[in-house]
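A.B. asks: Take this structure first; my questions come after.
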Amino acid sequence: MSSRRLAVAVTTALLLVVGAAACESGDSGGSGGSGKIALLLPESQTTRYEQHDRPLFEAKVKQLCPDCEIIYSNAQQDQSRQQQQAEAALNNGAQVLVLDPVDGAAAATIVSLAKSKNVPVISYDRLIQNAPVDYYISFDNERVGQLQGETLVNRLKELGKTSGDIVMINGSPTDNNAKLFNKGAHSALDTSGFKTVPTPDFFTPEWKPENAQKFMEGQIAQLGKDGFVGVYAANDGTAGGAISAMRAAGITPVPPTTGQDAELAAIQRIVGGDQYMTVYKAFKPEAEQAAEVAVALVRGEKPSTDRTVNNGAVDVPSFLLEPQAVTKDNIKQTVVADNLYTVEQICTSTYSAACQAAGLT
3 MSSRRLAVAV TTALLLVVGA AACESGDSGG SGGSGKIALL LPESQTTRYE QHDRPLFEAK
63 VKQLCPDCEI IYSNAQQDQS RQQQQAEAAL NNGAQVLVLD PVDGAAAATI VSLAKSKNVP
123 VISYDRLIQN APVDYYISFD NERVGQLQGE TLVNRLKELG KTSGDIVMIN GSPTDNNAKL
183 FNKGAHSALD TSGFKTVPTP DFFTPEWKPE NAQKFMEGQI AQLGKDGFVG VYAANDGTAG
243 GAISAMRAAG ITPVPPTTGQ DAELAAIQRI VGGDQYMTVY KAFKPEAEQA AEVAVALVRG
303 EKPSTDRTVN NGAVDVPSFL LEPQAVTKDN IKQTVVADNL YTVEQICTST YSAACQAAGL
363 T
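Add 2 to a position in the sequence shown, counting from 1, and you land on the number used in this note's numbering.
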């Protein structure tokens, strides 16, 4: 073969190889054959993230995209760590970030970094503020607080109370959701005839139960054991802290106390009578919706929704799910019916008699 013919043959072969590689690359990124999705969760103080959100999200992604790789990190309530985790995920080739922020305002820097690399960001459960977020998937968080407030007021009135102080224990000051829960709760409590204390409102650093417990101990010392008629606690962890403080102070029965997240320990406290209610946010549809949107974005698709939420910078296309109030009366119809927990998980030996009385058999 002449040198010219050899050169042409080699060039043709190289073009075929490059073309095949390009096609393979296009199939991987564009058609949804595979891709990298980063799931960045904020903390493990709340049991839902590791026990429910993560496994549900991962299972749905694997169902929709078996060859997709999930890059998972939990920031353990450290914003700087979450920033580093996001940078590492992007450097590792993440094509979508599903970000539940430690700090909704500070997370705007993560969004800016992702945008510089043309990587879309899904704001998961908590809203990222003042940043060009692509999608927001959560619950109607003002409605969560409203449900808590309404259910608490209704219970107090059932007990014959029409006035008195309600100790208010809000969530983390860095979590935008905590502000929405607070707003929703005030919409129900401020016109109820009851008064929330203290003023200004207390927000629990990092959602930590021990911080809520310490705060509640101070309120008991200040108001007295009989100086309040109920407790608004923003989630089940803060409720547990508040109830521990009341129990330690010898307050019996514990005044009606709210919660959120339908943690197993909270469901057991509700059965046992220590906590009056929680808010059940069905983690499965939330996590699966996030997985569906993430896989669609990896495939180059843009899911449509008819709702938006303004985060201070843009109107973010949003999927907002409906929360449910859970009391002793509807545990079987909510968390048990949805297979969140079995009756056996709830009704351990400590709670067997209370479960019998509540019809949980």
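Beta carbons are placed, not taken as given, at the ideal position from N, Cα and C, and that holds for glycine.
Is it true that the CB of F183 sits closer than 8 Å to the CB of V146?
C.D. replies: Counted from its first residue, the sequence shown places residue 146 at position 144. Counted from its first residue, the sequence shown places residue 183 at position 181. Contact: yes.
A.B. asks: Beta-carbon within less than 8 Å of C357's beta-carbon, same chain only, minus the 5 sequence neighbours each way: which residues are those?
C.D. replies: Here the question's residue 357 lines up with position 355 in the sequence shown. Hits under 8 Å: V273, V345, I348, C349, T363.
A.B. asks: Checking 8 Å against the spacing of the C-beta atoms, do A136 and D102 come in under that value?
C.D. replies: Counting from 1 along the sequence shown, the entry for residue 136 is found at position 134. Counting from 1 along the sequence shown, the entry for residue 102 is found at position 100. Inspection of the sequence shows that residue 136 is occupied by Asp rather than by Ala. Their beta carbons are not under 8 Å apart, which means D136 does not touch D102 by this criterion.
A.B. asks: Over the uninterrupted alpha helix (DSSP H) stretch that includes C357, give me the two end residues.
C.D. replies: Locating residue 357 in the sequence shown gives position 355, where the first residue counts as 1. That run of the alpha helix (DSSP H) goes 354–360.
A.B. asks: Rounded to whole angstroms, how far is the Cβ of P122 from the Cβ of V316, which I believe are closer than 8 Å?
C.D. replies: Mapped onto the sequence shown, residue 122 falls at position 120. Mapped onto the sequence shown, residue 316 falls at position 314. Not confirmed; about 13 Å, so no contact.
A.B. asks: Indicate whether I112 and Q85 have their beta-carbon atoms separated by less than 8 Å.
C.D. replies: Mapped onto the sequence shown, residue 112 falls at position 110. Mapped onto the sequence shown, residue 85 falls at position 83. Yes, they are a contact pair.
A.B. asks: Should R309 go down as buried or exposed, given a rule of 16 or more other Cβ atoms within 10 Å for buried?
C.D. replies: Position 307 of the sequence shown, counted from the first residue, corresponds to residue 309. The residue is exposed, with fewer than 16 neighbouring Cβ atoms inside 10 Å.
A.B. asks: On the premise that L66 lies in contact with E294, defined as a C-beta separation below 8 Å, what is that separation, rounded to the nearest angstrom?
C.D. replies: Counting from 1 along the sequence shown, the entry for residue 294 is found at position 292. Counting from 1 along the sequence shown, the entry for residue 66 is found at position 64. The pair is a contact, with the Cβ atoms about 7 Å apart (cut-off 8 Å).
A.B. asks: Identify which residue in T193, A91, K283, V328 has its Cα closest to the Cα of L41.
C.D. replies: Position 39 of the sequence shown, counting from 1, holds the residue named residue 41. Among T193, A91, K283, V328, the Cα nearest to that of L41 is on A91.
A.B. asks: How far does the alpha helix (DSSP H) with V345 in it reach, from first residue to last?
C.D. replies: Locating residue 345 in the sequence shown gives position 343, counting from the first residue. Residues 345–348.
A.B. asks: Can you tell me whether A339 is buried or exposed? The criterion is at least 16 other CB atoms within 10 Å of its CB, across all chains shown.
C.D. replies: For the purposes of this step, residue 339 is identified with residue 337 of the sequence shown, where counting begins at 1. Exposed, by the Cβ-count rule.
A.B. asks: Would you kindly report the start and end of the unbroken beta strand (DSSP E) that includes E288?
C.D. replies: What you label residue 288 is simply residue 286 of the sequence shown in a count that begins at 1. Not the beta strand (DSSP E): E288 falls in the alpha helix (DSSP H), residues 285–300.
A.B. asks: Per DSSP, I139 is paired with what?
C.D. replies: Along the sequence shown, read from residue 1 onward, the residue named residue 139 stands at position 137. The partner list for I139 (beta bridge, DSSP) reads Y126, F321.
A.B. asks: Taking only three categories from DSSP, how would you classify T363?
C.D. replies: The residue labelled residue 363 in the question sits at position 361 within the sequence shown. T363 falls in the coil class under three-state DSSP.
A.B. asks: Quick one: residues in its chain with C-beta nearer than 6 Å to the C-beta of F1, no 5 flanking neighbours on either side, listed in chain order?
C.D. replies: Coverage of the chain is limited to positions 3 through 363, which leaves residue 1 absent and any answer about it impossible.
A.B. asks: Specify whether the region 200–211 and the region 147–158 touch according to this definition: at least 3 beta carbon pairs, one from each stretch, less than 8 Å apart.
C.D. replies: Too few Cβ pairs lie closer than 8 Å, so no.
A.B. asks: Which ranges does the alpha helix (DSSP H) cover as unbroken runs of at least 4 residues, wholly within the region 45–94, from first to last along the chain?
C.D. replies: Listed in chain order, they are 56–66, 81–93.
A.B. asks: Candidates V281, W209, F217: which alpha carbon is nearest V199's?
C.D. replies: If you number the sequence shown from 1, residue 199 lands on position 197. The shortest C-alpha separation from V199 is found at F217.
A.B. asks: What's the call for D238, buried or exposed, on a 16-neighbour Cβ count within 10 Å?
C.D. replies: The residue labelled residue 238 in the question sits at position 236 within the sequence shown. Label assigned to D238: buried.
A.B. asks: Do A268 and N172 have their C-beta atoms within less than 8 Å of each other?
C.D. replies: Looking up residue 268 in the sequence shown gives position 266. Looking up residue 172 in the sequence shown gives position 170. Cβ atoms of A268 and N172: not closer than 8 Å.
A.B. asks: Hey, D131 and G106: beta-carbon distance below 8 Å or not?
C.D. replies: The residue labelled residue 131 in the question sits at position 129 within the sequence shown. The residue labelled residue 106 in the question sits at position 104 within the sequence shown. Correcting the residue identity first, residue 131 is Gln in this sequence and not Asp. Yes; because the gap between Cβ atoms is below 8 Å, this pair is in contact.
A.B. asks: Go through its chain and collect everything with a Cβ distance to G314's Cβ below 7 Å, but skip five positions before and after it.
C.D. replies: The count along the sequence shown starts at 1 and reaches residue 314 at position 312. Contacts found: Q131, N132.
A.B. asks: Which ranges does the beta strand (DSSP E) cover as unbroken runs of at least 3 residues, wholly within the region 149–182, from first to last along the chain?
C.D. replies: Those beta strand (DSSP E) runs which fall completely within the region 149–182 and span 3+ residues are 166–172.
A.B. asks: Going by the beta-carbon positions, is the gap between K286 and L58 smaller than 8 Å?
C.D. replies: Residue 286 sits at position 284 when you count from the first residue of the sequence shown. Residue 58 sits at position 56 when you count from the first residue of the sequence shown. Against a cut-off of 8 Å, the Cβ pair of L58 and K286 comes out as a contact.
A.B. asks: Indicate whether at least one CB of chain B lies closer than 8 Å to the CB of A359.
C.D. replies: In the displayed structure, chain B is absent; only one protein chain is listed.
A.B. asks: Any idea what DSSP makes of K119, helix, strand or coil?
C.D. replies: Within the sequence shown, the letter at position 117 stands for residue 119. Reduced to three states, the DSSP call for K119 is coil.
A.B. asks: Between V328, N332, Q262, which lies nearest to N143 when the distance is taken from Cα to Cα?
C.D. replies: Residue 143 sits at position 141 when you count from the first residue of the sequence shown. Out of V328, N332, Q262, Q262 has the C-alpha closest to the C-alpha of N143.
A.B. asks: Any idea if S320 is buried or exposed, counting beta-carbon neighbours within 10 angstroms, 16 or more meaning buried?
C.D. replies: Residue mapping note: residue 320 aligns to position 318 of the sequence shown, counting from 1. Per the 10 Å Cβ criterion, buried.
A.B. asks: Enumerate in chain order the residues of its own chain whose CB-to-CB distance from E324 is below 6 Å, with the five nearest sequence positions on each side excluded.
C.D. replies: Here residue 324 refers to the residue found at position 322 of the sequence shown. Nothing listed; no residue qualifies.
A.B. asks: What's the gap between the Cα of S306 and the Cα of S189?
C.D. replies: The sequence position of residue 306 within the sequence shown is 304, counting from 1. The sequence position of residue 189 within the sequence shown is 187, counting from 1. Taking the straight line from one Cα to the other gives about 31 Å.
A.B. asks: Assign P202 to one of three DSSP states: helix, strand, or coil.
C.D. replies: Taking the sequence shown and counting its residues from 1, one reaches residue 202 at position 200. Looking at P202 - three-state DSSP - the assignment turns out to be strand.
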